[in-house]
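Student: Handing you a structure now.
Residue numbers (my numbering): 3 to 173.
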């Protein structure tokens, strides 16, 4: 093997090891933060499909607050609809997107993962029956609705201990 190619490969290997060490350090920090800060994150981790990163973000961005009802939870994330009415005309203008953007992105990504890791849950069944054979934009709109329902279900899980219907906990 030529000397220059060998040194380039060695350099790439050192970069890979450095990246692995940095990722391990970040994972250790997240685990320490979860152990130190809250029992809510530990409860969320017990649900299949929710890992330490999602649990940490949701705990620190959403569930550190107290909410009175499900509408407040959805509103905090900016996942509620904007009604518009003028005379006899009533229209829905989409979601507000005025809430916590980081938590909203996390909730939408979690909804995609929920469909993959919790296919037998009632929420995943609701999504499948709702979209049927639709594709594209309608699937994304329904996914935002699923994200809102999922966050509300997780809020209830943390408040009352009731696992979302059909959801599987980790062994």
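Beta carbons are placed, not taken as given, at the ideal position from N, Cα and C, and that holds for glycine.
Looking at C-beta atoms only, is the number of pairs between the segment 12–22 and the segment 90–102 that lie closer than 8 Å three or more?
Tutor: In short, these stretches do not touch, since the Cβ pair count stays below three.
Student: Am I right that residue 109 and residue 81 are in contact with their C-beta atoms under 8 Å? What's the rounded C-beta distance?
Tutor: For the purposes of this step, residue 109 is identified with residue 107 of the chain shown, where counting begins at 1. For the purposes of this step, residue 81 is identified with residue 79 of the chain shown, where counting begins at 1. About 7 Å separates the two Cβ atoms, so the contact holds.
Student: What separation, rounded to the nearest whole angstrom, lies between the Cα atoms of residue 76 and residue 153?
Tutor: Taking the first residue of the chain shown as position 1, residue 76 is located at position 74. Taking the first residue of the chain shown as position 1, residue 153 is located at position 151. If you take the alpha carbons of residue 76 and residue 153, they lie about 8 Å apart.
Student: Can you tell me which residues form a DSSP beta bridge with residue 97?
Tutor: Position 95 of the chain shown, counted from the start, is the residue given in the question as residue 97. Residue 97 is bridged to 83.
Student: Closer than 8 Å is the cut-off here; do at least three beta carbon pairs connect the segment 43–59 with the segment 160–170?
Tutor: A contact exists between the segment 43–59 and the segment 160–170.
Student: Quick check on the DSSP output: what are the complete beta strand (DSSP E) runs of length 3 or more inside the segment 80–165, in order along the chain?
Tutor: Those beta strand (DSSP E) runs which fall completely within the segment 80–165 and span 3+ residues are 83–88 and 91–97.
Student: What does DSSP give as the partner residue(s) for residue 20 in the beta ladder?
Tutor: Start at 1 with the first residue of the chain shown, and residue 20 comes out as number 18. Looking at the DSSP assignment, residue 20 forms no beta bridge with any residue, so it has no partner.
Student: Of all the options 112, 84, 94 and 115, which has the alpha carbon lying nearest to the alpha carbon of residue 101?
Tutor: Within the chain shown, residue 101 is the residue found at index 99, counting from 1. Ranking 112, 84, 94 and 115 by Cα distance to residue 101 puts 84 first.
Student: Comparing C-alpha positions only, which one of 163, 157 and 165 sits nearest to residue 72?
Tutor: Stepping through the chain shown from its first residue, residue 72 is reached at position 70. For the residues 163, 157 and 165, the minimum Cα distance to residue 72 belongs to 157.
Student: Which residues does DSSP pair with residue 171 in a beta bridge?
Tutor: Position 169 of the chain shown, counted from the start, is the residue given in the question as residue 171. Beta-bridge pairing links residue 171 to 49.
Student: Name the two residues that bound the continuous alpha helix (DSSP H) containing residue 58.
Tutor: On the chain shown, position 56 is the one that residue 58 refers to. Element bounds for residue 58: 54–63.
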